[in-house]
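Asker: Dropping a structure here in structure tokens format, bear with me for questions.
Residue numbers (our numbering): 916 to 1166.
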């Protein structure tokens, strides 16, 4: 029995943990050959031996490395841009360095990856680009997410622009807009907000309080949406920013 992605080749950034890793496993189970990339080689090593998954360290902030990666890559059918950074704070808490790194990782890295992979997709007249945005973007505003929300709104604009420019060439581009997902990244941010002597349970309760379902999402749930957007089941979808947020944006 072949999966929904049988015969497709896929690249995922930030595949070492969380949503990226869950997506790599889910897409590989569906038959895709997944090239999992991450800046952290040790995290990538946890995917060693997984059927249909190969790993390659890649720093998406390194323009030369991304360019070389694109030139060396064989035909890529699916690109999942998952790398990102969450800055905590308002505009007055966000200095220029924090603003710059937010846009560098959340937006410019996607720009680089798409420019590196898109020409091959155009040549084959087929491709699905999936970008990780957030419901905290142009969808809704979240407290203390100034740089993050601004950069993820830019991701939605980037996605829609790529979609409209290449819709007649067989290329689709869609953005996923999750709510709060229980990932290793979230756990790190919770611990940082709690501090060494803080109340981690209280911090977690604040995150839960903004989710109308009363629970956090899981990386595996987001991964199933990645599979759908990568597959022919979503062949009539492009330019969409899809909330996947447990009702947060409807609250």
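We treat Cβ as the ideally placed atom computed from N, Cα and C, and that holds for glycine. All figures in this text were calculated on a predicted structure; none of them were measured in a lab.
1. Are three or more beta carbon pairs between the segment 1034-1049 and the segment 1073-1091 nearer than 8 angstroms?
2. Could you spell out the range, first to last residue, of the beta strand (DSSP E) harbouring residue 1087?
3. Excluding the 5 residues flanking residue 1017 on each side, which residues of the same chain have their C-beta closer than 7 angstroms to its C-beta?
4. Between the Cα of residue 1126 and those of 1111, 1145, 1165, spot the shortest distance and give me the residue it belongs to.
5. Pull up the CB-CB distance for residue 928 and residue 996, whole angstroms please, since I reckon it's below 8 angstroms.
6. Run through the DSSP bridge pairs and tell me what residue 1043 is partnered with.
7. Considering only DSSP beta bridges, list what residue 925 is partnered with.
8. Is it true that the CB of residue 1118 sits closer than 8 angstroms to the CB of residue 938?
9. Have a look at the DSSP bridge pairing and note the partners of residue 1158.
10. Take the Cβ of residue 948 as the centre, count every other Cβ of all protein chains shown within 10 Å, and call the residue buried at 16 or more, exposed below.
11. Going by beta-carbon coordinates alone, are residue 982 and residue 945 separated by less than 8 angstroms?
12. Give me, in chain order, the residues of the same chain whose beta-carbon lies closer than 6 angstroms to that of residue 1068; leave out the 5 immediate sequence neighbours on both sides.
13. Hey, out of 1038, 1032, 1037, 1074, whose CA is closest to residue 1048's CA?
14. Apart from the five residues on each side of it in sequence, which residues of its chain come closer than 8 angstroms, Cβ to Cβ, to residue 1107?
15. When DSSP labels each residue in this structure, what does residue 971 get in the three-state scheme?
16. From the DSSP output, in three-state form, read off residue 1055 for me.
17. For the alpha helix (DSSP H) containing residue 1066, name the first residue and the last one.
18. Is it true that the CB of residue 943 sits closer than 8 angstroms to the CB of residue 936?
19. Which value, in whole angstroms, describes the spacing of the CA atoms of residue 1057 and residue 984?
20. Measuring only the C-alpha atoms, how far is residue 1071 from residue 1158?
21. Smallest Cα separation from residue 1100: which of 1152, 1134, 951?
22. Out of curiosity, what's the CA-to-CA distance linking residue 1039 and residue 1109?
23. Grab the span of the alpha helix (DSSP H) containing residue 1134 for me, first residue to last.
Answerer: Once the coordinates are examined:
1. yes
2. 1086-1093
3. 1000, 1002, 1062, 1063, 1066
4. 1165
5. 6 angstroms
6. 993, 1087
7. 949, 993
8. no
9. 1092
10. buried
11. no
12. 1052, 1053
13. 1074
14. 1003
15. strand
16. strand
17. 1061-1081
18. no
19. 35 angstroms
20. 11 angstroms
21. 1134
22. 49 angstroms
23. 1134-1145
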